[in-house]
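Chains A and B supply the protein sequences, listed in that same order.
To convert a position in the first sequence, counted from 1, into this note's numbering, add 4.
To convert a position in the second sequence, counted from 1, into this note's numbering, add 15.
Just below is one structure, and these are the notes that go with it.
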Amino acid sequence: MLELKNVNKYYGHKRALSDITLSLPRGEIVGLFGENGAGKTTLMKSILAYHSFSGEITLDGDPITKNNIAKISFATSEHSFFSNLSADAHKTFYQEHFPKFSEKRFVALMDFFDLRHHTPLRSFSMGQKNQFEVIMALCQGADYILMDEPFAGNDVFNREDFYKVLLGILEPNETLLLSTHLIEEVSDIIGRAVLLKQGCIVGDITTEALEESGKTLMDYIKETHRYRSDRVSRALNDLRGEDSQ
Amino acid sequence: MYIITMKKNAPHLSVLALIARQSFGAVLLVLLITTVLRALAYQKTFSDALAAYNASPSLGFIDIESLFTSSGGTFAINVTRISLLLISFLLCRIFCERGSRCGYTLMRLRVTERGIFVCHAIYAAVIYLLFYAAELLLSYAVCLYYLQHAPAEYVGPQTLFLAFYRSNYLHSLLPLADIAVWVRNGFLYLALSLAAAEFPCRQRRRHFGGSILALCVCTLVFFIREIGDAFNSFAVIFCSLCCIASSIYFVFFKNHESDEETEGGEVL
């Protein structure tokens, strides 16, 4: 269980995370949603101990340190690989640092995405880089896989294929925390949605509860965020009004 | 070529191997090209001098130390300077974040960031030692070539020994009994190795690692100095010590929490 208790994070005087309390049991696929600047990436970086925060984050009861960080993997649209190295060089390196690294999964996913094994990653296209980033996160042998906008830059067919593969390969004890803006695309694969707004959790609901309520995920998010559906028409009217003056 | 096998459960070795994979080939190529260029420059200077001597022996023959200050020798030393800059650049770009944030992966390894810095510094020390060895061996080879091919009246039993006292360049490279220059070179070597490893640490935190630049300039400008120039030695030692202290402070003692505030104060 990955547990966050009263986590707060400040950048200077700006509060980025506000009293976040969240539990992620094993075997869940959780969608993390929110506007740009809501704190999704900051939340993930706090879990990974990439920066300081107040509050408590524990992994199976222990604080996250060098001893248990291998239980968490991270895929980010910023990419965290070494651009000058090839995919196979990454595999060799990861095997040394992440003892549960799954070579079988690595080979299967590399073949599935038809990625080159021996060329430096800097020569990959943006979509291929994203794919490789996700592959490394999935192959690390982590129990908790954090993905931050992993498919930014990939085409829709590619993404659909990937969702299918994801559902097919995830083990029952693997937890996926997926931060994305592609709400409708992932609504079928997630089992729970967590909504962040201005650093606070404003919604946390399972897909079963959503189904029972008869709402779609998008409806729920819009409702929780108090989305004003007339904001575009009002803005356009305002602009037209300015033009006519 | 780059395949380096290692024992399992040797995370520091795997980091060293990763560092070597990213730069060793390029470093060797730079060393090879610049050494060949310098050897050719010395050879041409020597051949020209020998041809001139054979044409009119009364003009005399170039002495060994002048070989290093002639136009060919100056060209060779400038190639050495470029070689140092290129090698420093290659060392500094390891683990820099260009197009990807490899720092995220480095922070999740079994080795701490300080451990990675130490591995990088050790690797840089080996490379700078290689650079120094190549420079020294080439200079020694040039001297031996001179002893074998120069007219007999210009070669004596003390020629080689004296050359390392008369030539500022050779003396700076191999100071013999001049302890101050040995100490200067030692501190410069240590400072360069640490600064090359510190550069990516700073770059990943969006700081500029100016130490390596300062040390390279210091090496290019002050390495070759008049024999007995104590002020030069102390100035270089002082500069090196400042850079060593800065590197160690930044990596081992600085509280990087304040850096987060410079992430733009922006919630991501």
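The beta-carbon is built from N, C-alpha and C at its ideal position, and this holds for glycine as well.
- Rounded C-alpha distance that separates A/Leu-52 from B/Arg-123: 8 Å
- Identify every residue that forms a DSSP beta bridge with A/Asp-197. Sequence inspection shows Ala at residue 197 of chain A; the Asp mentioned does not correspond to that position. For A/Ala-197, which the question treats as bridged, DSSP gives the partners A/Gly-35 and A/Ile-209.
- Are any of the Cβ atoms in chain A nearer than 9 Å to that of B/Gly-279? Confidence is the limiting factor: at B/Gly-279 the pLDDT is only 39, short of 50, which leaves the residue's position unreliable and the question unanswerable from this model.
- Is B/Val-198 helix, strand or coil when you go by DSSP? helix
- Item | Any C-beta of chain B under 9 Å from that of A/Glu-100 | yes
- Message: Measuring alpha carbon to alpha carbon, tell me which residue in A/Leu-21, A/Phe-155 and A/Tyr-224 is nearest A/Thr-184.
- Response: A/Phe-155
- Message: Given this structure, state the Cα-to-Cα distance separating A/Val-138 from B/Leu-144, to the nearest angstrom.
- Response: 40 Å
- Item | Proximal residues to B/Val-170 (C-beta, below 7 Å), its chain only, five neighbours per side dropped | Leu-162
- Would you grab the beta carbon distance between A/Phe-136 and A/Leu-150 for me? Rounded to a whole angstrom, and I think it's under 8 Å. With a Cβ gap of about 16 Å, A/Phe-136 and A/Leu-150 do not count as contacting.
- Message: Check for me: the alpha helix (DSSP H) holding B/Leu-43 runs from which residue to which?
- Response: 26 to 70
- Item | Member of B/Ser-62, B/Gly-118 and B/Leu-101 whose CA lies at the smallest distance from the CA of A/Ser-84 | B/Gly-118
- Item | Three-state secondary structure assigned by DSSP to A/Arg-244 | helix
- Message: Check whether the stretch 201 to 221 of chain B and the stretch 258 to 265 of chain B are in contact - that is, three or more C-beta pairs closer than 8 Å.
- Response: yes
- Item | Option nearest B/Leu-121 by Cα separation, candidates A/Phe-86, A/Phe-117 and A/Ser-27 | A/Phe-86
- Query: What is the C-beta distance between B/Val-251 and B/Leu-203, in whole angstroms, given that I count them as a contact (C-beta under 8 Å)?
  - Reply: 6 Å
- Message: Tell me the DSSP secondary structure of A/Lys-104 in three-state form.
- Response: coil
- Enumerated in chain order, which unbroken segments of the beta strand (DSSP E) with a length of 3 residues or greater are wholly contained in the stretch 129 to 204 of chain A? 148 to 152, 179 to 183 and 196 to 201
- At least three beta-carbon pairs within less than 8 Å, the stretch 45 to 61 of chain B to the stretch 150 to 159 of chain B: yes
- Query: So is A/His-83 in contact with chain B if we call contact Cβ pairs under 9 Å?
  - Reply: yes
- Could you give the distance in angstroms between the alpha-carbon of B/Gly-225 and the alpha-carbon of B/Ser-255? 13 Å
- Contacting residues, own chain, Cβ-Cβ under 6 Å from B/Phe-238 (five flanking each side not counted): Ser-187
- Message: DSSP three-state label for A/Tyr-14, please.
- Response: strand
- Task: Going by DSSP, name the residue or residues bridged to A/Ile-61.
- Result: A/Leu-8
- Query: Hey, is the stretch 72 to 79 of chain B in contact with the stretch 41 to 58 of chain A, meaning 3+ C-beta pairs nearer than 8 Å?
  - Reply: no
- Task: Quick one: which residues of the stretch 25 to 57 of chain B get their C-beta closer than 7 Å to a C-beta of chain A? List them in chain order.
- Result: Pro-26, Ser-29, Leu-33, Arg-36 and Gln-37
- Query: alpha helix (DSSP H) containing A/Ser-77: first to last residue?
  - Reply: Segment 76 to 80 is the beta strand (DSSP E) holding A/Ser-77; no alpha helix (DSSP H) there.
- Are at least three pairs of beta-carbons, each pair with one atom in the stretch 206 to 213 of chain A and one in the stretch 65 to 74 of chain A, less than 8 Å apart? no
- Message: Assuming B/Gln-163 is part of the alpha helix (DSSP H), what are its boundary residues?
- Response: 128 to 164
- Can you tell me the Cα-Cα spacing of A/Glu-60 and A/Ser-22, whole angstroms? 13 Å
- Residue of A/Asn-88, A/Leu-182 and A/Lys-201 minimising C-alpha distance to A/Asp-192: A/Leu-182
- Message: Once the 5 residues before and after A/Ala-20 are set aside, which same chain residues still bring their CB inside 8 Å of it?
- Response: Lys-13, Tyr-14, Gly-43, Thr-46 and Gly-203
- Along chain A, which residues have their Cβ under 8 Å away from the Cβ of B/Gly-114? His-83, Ser-87 and Arg-126
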